[in-house]
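Inspection log for the structure reproduced underneath, given as structure tokens.
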Amino acid sequence: MVRVGRNLPVVAAAEPQTASAEPAGAAGAPGAAPENDVRRGLPSVERLLAALDPAVPHAVRARIARAVIAEARAGRLAPDAVADTAVTRVRDFRTGLLGPVLNATGVLLHTNLGRAPIGADAVAAMTDAAGYANVEYRLAEGVRGSRHEHAGALLAEACGAEAGIVVNNNAAAVLLVLAALARGNEVLVSRGELVEIGGGFRVPDILAETGARLVEVGTTNRTTVADYERALGPDVALVMKVHASNYRMVGFVAAAGVDELAPLGYPVVVDAGSGLLDDTTPWLPNRPPWLRDEPGVRQCLAAGAALVTFSGDKLLGGPQAGIIVGRRDLIDRLKAHPLARALRADKVTLAGLQAVACAYLDGTAADIPFWRAAATPVADLGTRAERLAAALADEGTAAVAVATEAVAGGGALPGLGIPSAGVAVAATHPAIVAARLRDQRVVARIEDDRIVCDLRTVAPTDDDRLLAALADASRP
Ligand SMILES: *Cc1c(COP(=O)(O)O)cnc(C)c1O
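Under the numbering used here, think of the first position of the sequence shown as 86, with each following residue one higher.
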């Protein structure tokens, strides 16, 4: 089996030379066609295969071996480059497989690097549920159950909601809410909240997709309750508020709060996005200042939201999922909608989220990797950075500890930096050093003529690995 493990370096096969071209030319009959000379100089596919990393599937190795030999036959590759080219391509294939990376970017919820890392407790629960599991079965009664009884119900409890349901991601959550509750009817959305979240998720497009009719209210910078009131009518199904997670408006701005909209008498649905369960962060000793005015799911519900949707893998710190919590009657309608089946989460995700929900209910959410990393005192990061810089300097690599700024990322909290620390390595060709780091599955930042590794996103247990990778990549 191919493993792209963090402790398993991506290696080229042993002794690629064994597949080197057989001595060419000597045996070639005088006057033979030049093409024959080339062929004679080439290894057979079998011979080349034997020299390629056996952890890569045979069919893939064979495809690469055949392609490389064909290129050499066509004269596009020198015969003596065949073995090395094949080894490199097989290695690149293996590196490209989905696997762990060391995130030294300082972006905690890096969309391209898998957003929230999943904690050990959740991973254990996910592993346990990987076999048969009572995902839709009530063991106490021996009857069929619902997959929403576990994580969905517990997450609802964790934020003070009546009921909850889990789907594939937050985009799916919004889609399900609109399709089940607003198809053929109107949804009021402030012009200031008709946002694109990224990856093609545009609020107006999702609305159109579900057959709900968008009614824009207010203006881009200012929308008041009166604007909503003027648009109310018999065709209105929902009032929707979208947290503009990834941008920020300043200046002459106004937005109507959930507490002002709920009394209008229509269900208010809040797409909170980031999944901060409680904006008082009771699981942390202090509320981090960089959270600023990030809305809490509990507070949205308390203000009168009928439903709140959010991601499982942003500030919640769990596996990828979309979570919808709120009024039981509405959640029941979502569960009964045909799309609920199409968008549902699998047992492994549900098991991971259940563990995450339990951590919040237990007051131990500070141990969730996202919160652990986000709340680490910057002085601790500085100490680690000093040690790494000193160790690199000992080996002759010009490195210094630097103050940096990490970010939550994942579209949450734009422009709000989290004070951090890292190690900077001077490089004449930083792009080459960065590429060598990526070969070792380490993703760092390039800043001017140096490589910066932010330690806020690196687990302390990975420091030595980072050190080794940096020392190796900085070699002249
Ligand atoms: C991130 C986000 C989404 C999309 O969530 P996914 O889980 O990535 O599908 C939707 N709405 C808001 C406000 C978001 O922040």
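C-beta atoms are modelled at their ideal positions from N, C-alpha and C, and glycine is treated no differently.
May I ask you to report which of helix, strand or coil DSSP gives residue i?
{"i": "D479", "result": "helix"}
{"i": "G181", "result": "helix"}
{"i": "M325", "result": "strand"}
{"i": "V251", "result": "strand"}
{"i": "V192", "result": "strand"}
{"i": "Y351", "result": "coil"}
{"i": "T394", "result": "strand"}
{"i": "A459", "result": "helix"}
{"i": "E281", "result": "strand"}
{"i": "V141", "result": "coil"}
{"i": "I517", "result": "helix"}
{"i": "V410", "result": "strand"}
{"i": "A215", "result": "coil"}
{"i": "I453", "result": "coil"}
{"i": "R229", "result": "strand"}
{"i": "E471", "result": "helix"}
{"i": "L563", "result": "With the chain covering 86 to 561 only, the question about residue 563 has no answer from this structure."}
{"i": "L187", "result": "strand"}
{"i": "A155", "result": "helix"}
{"i": "V527", "result": "strand"}
{"i": "R223", "result": "strand"}
{"i": "G389", "result": "coil"}
{"i": "L135", "result": "It is Ala, not Leu, that sits at residue 135 in the sequence shown. Reduced to three states, the DSSP call for A135 is helix."}
{"i": "A558", "result": "helix"}
{"i": "N371", "result": "coil"}
{"i": "A118", "result": "For A118, the pLDDT reaches just 47, beneath the cut-off of 50, and the residue's location in the model is therefore unreliable, leaving the point undetermined."}
{"i": "G126", "result": "coil"}
{"i": "I203", "result": "coil"}
{"i": "V262", "result": "helix"}
{"i": "V543", "result": "coil"}
{"i": "L361", "result": "coil"}
Does residue i pass the burial test, meaning 16 or more other C-beta atoms within 10 Å, or should it be called exposed?
{"i": "M325", "result": "buried"}
{"i": "P319", "result": "exposed"}
{"i": "F395", "result": "buried"}
{"i": "A117", "result": "Below a pLDDT of 50, predicted positions are generally treated as unreliable, and A117, at 44, falls in that range; no measurement from the model is reported."}
{"i": "A425", "result": "buried"}
{"i": "L224", "result": "exposed"}
{"i": "V335", "result": "exposed"}
{"i": "T489", "result": "buried"}
{"i": "F178", "result": "buried"}
{"i": "E314", "result": "exposed"}
{"i": "V228", "result": "exposed"}
{"i": "A470", "result": "buried"}
{"i": "S505", "result": "buried"}
{"i": "L446", "result": "exposed"}
{"i": "S129", "result": "exposed"}
{"i": "G303", "result": "buried"}
{"i": "L182", "result": "exposed"}
{"i": "A205", "result": "exposed"}
{"i": "E226", "result": "exposed"}
{"i": "T513", "result": "exposed"}
{"i": "V338", "result": "exposed"}
Who pairs with residue i in a beta bridge, going by DSSP?
{"i": "P504", "result": "E490"}
{"i": "V272", "result": "L299 and L323"}
{"i": "C538", "result": "V508"}
{"i": "L317", "result": "Looking at the DSSP assignment, L317 forms no beta bridge with any residue, so it has no partner."}
{"i": "D356", "result": "V327 and T394"}
{"i": "R429", "result": "V252"}
{"i": "E242", "result": "Answer is none; E242 lacks a bridge partner."}
{"i": "Y332", "result": "BP columns for Y332 are empty, so no partner."}
{"i": "I149", "result": "Answer is none; I149 lacks a bridge partner."}
{"i": "Y445", "result": "DSSP, once it has assigned bridges, lists no residue as partnering Y445."}
{"i": "V485", "result": "A509"}
{"i": "E532", "result": "R535"}
{"i": "R287", "result": "E281"}
{"i": "A339", "result": "R307"}
Return the Cβ separation of residue i and residue j in integer angstroms, given the expectation that the two are a contact with Cβ distance under 8 Å.
{"i": "A459", "j": "I408", "result": "Rounded, the Cβ-Cβ distance is 20 Å, inconsistent with contact."}
{"i": "A529", "j": "A519", "result": "6 Å"}
{"i": "G360", "j": "L400", "result": "5 Å"}
{"i": "L540", "j": "L466", "result": "5 Å"}
{"i": "V393", "j": "A421", "result": "No, V393 and A421 are not in contact; Cβ-Cβ is about 20 Å, not under 8 Å."}
{"i": "L435", "j": "L261", "result": "No, L435 and L261 are not in contact; Cβ-Cβ is about 16 Å, not under 8 Å."}
{"i": "R287", "j": "E281", "result": "4 Å"}
{"i": "R574", "j": "L362", "result": "Shown here, the chain extends from 86 to 561; a query on residue 574 therefore has no answer."}
{"i": "V153", "j": "V141", "result": "Their Cβ separation, rounded to whole angstroms, is 14 Å, which puts V153 and V141 out of contact at 8 Å."}
{"i": "P442", "j": "L240", "result": "Position check: residue 442 holds Ala in this sequence, whereas Pro was assumed. The Cβ separation is near 5 Å, so the contact holds."}
{"i": "R413", "j": "A248", "result": "4 Å"}
Is any heavy atom of ligand 3 found at a distance shorter than 7 Å from the C-beta of residue i?
{"i": "G358", "result": "Ligand 3 is absent from the structure shown, which contains only ligand 1."}
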